[in-house]
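Chains as they are written, first to last, in our numbering: chain A, 225 to 338; chain B, 121 to 234. Every residue, glycine too, gets a C-beta built ideally from N, C-alpha and C.
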């Protein structure tokens, strides 16, 4: 079974600073990996996904993530934080076989300070 | 185009009552998922429908929970004899095919059991 671990339930950065949200996965074979963002009282919106093509994945709103098999990681980064990036971010995994549902990490709440 | 819609957006009920939550997936999407988001448990998979195949019910927490999908489109999640621990946001998602593709989420139904 696949699982993901998000390190840091809360991350605070200053506007304009680098954003780094950490995600490590556990799977016997490289899975599909996703980052979703959730704004208050809204559903989940896909930021980006890794499905086995390029290991550096670019998403919406200037976010990107790099799949590193050797580190079993899929960290999310953005060079310069905006106030509008304040939200909760979820890393999720789906296996290449078996159950198709997503398994989510516990989430990281990003706070952006002016 | 229209996204995934869910109704009601909020539902307050008394312990022991039955509730029905509705999900309208994106038109043409063949796969539909239900998830639950709660403070204690995070985001959890509940049930998955794909076309005419038997649903994957492996995530349902108890036999008080059931779901159906009529005509391959609208889905209803039913919770019988609600308990306070059922209080959560119930999210629905759909995908366009059988592949392990992006799941598009609705805004959720916030259920409060008094």
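With the criterion set as a beta carbon lying under 9 Å from some beta carbon of chain A, the members of the region 154 to 178 of chain B are 155, 157, 162, 163, 164, 165, 166, 167, 168, 170, 176, 178, in sequence order.
Note that the C-beta distance between residue 155 of chain B and residue 163 of chain B is below 7 Å. Distance between residue 316 of chain A and residue 326 of chain A, taken at the CA atoms: about 6 Å.
Residue 232 of chain A places its beta carbon 7 Å or farther from that of residue 304 of chain A. Here residue 221 of chain B carries a coil assignment [DSSP, helix/strand/coil]. Cβ atoms of residue 196 of chain B and residue 141 of chain B come within 8 Å of each other, at about 7 Å. Burial is judged here by how many other beta carbons sit within 10 angstroms of a residue's own beta carbon; residue 299 of chain A has at least 16 and is buried. By the Cβ criterion, the region 123 to 131 of chain B is not in contact with the region 280 to 290 of chain A, since fewer than three pairs of Cβ atoms, one from each stretch, lie closer than 8 Å. At a cut-off of 7 Å between beta-carbon atoms, residue 136 of chain B makes no contact with chain A. Under the rule that a run must span 3 or more residues, the beta strand (DSSP E) segments found entirely inside the region 128 to 170 of chain B read 130 to 133, 139 to 144, 151 to 158, 162 to 170. By the criterion of a C-beta distance shorter than 8 Å, residue 172 of chain B is surrounded in its chain by 192, once the five residues flanking it on both sides are discounted. Within the same chain, Cβ atoms closer than 6 Å to the Cβ of residue 144 of chain B are found at 125, 194, the five residues on either side in sequence being excluded.
Comparing alpha carbon positions, the residue from B:234, B:233, B:200, B:209 closest to residue 264 of chain A is B:209. Taking C-beta separations shorter than 8 Å and ignoring five residues to either side along the sequence, the partners of residue 123 of chain B in its chain run 146, 224, 226, following chain order. In terms of beta-carbon proximity, residue 128 of chain B stays away from the interface with chain A, with every pair separated by 7 Å or more. Ranked by Cα distance from residue 201 of chain B, the options B:168, B:150, B:233 are led by B:233.
Neighbours of residue 330 of chain A in chain B, taken as residues whose beta carbon is under 8 Å from its own, are 162 in chain order.
Between residue 250 of chain A and residue 227 of chain A, the CB-CB gap stays under 7 Å. Distance from the CA of residue 273 of chain A to the CA of residue 212 of chain B, rounded to the nearest whole angstrom, comes to 19 Å. Separation of residue 198 of chain B and residue 255 of chain A (C-alpha to C-alpha, rounded to the nearest whole angstrom) is 32 Å. Secondary structure note for residue 265 of chain A: it is in no beta strand (DSSP E), with a DSSP letter that is neither H nor E.
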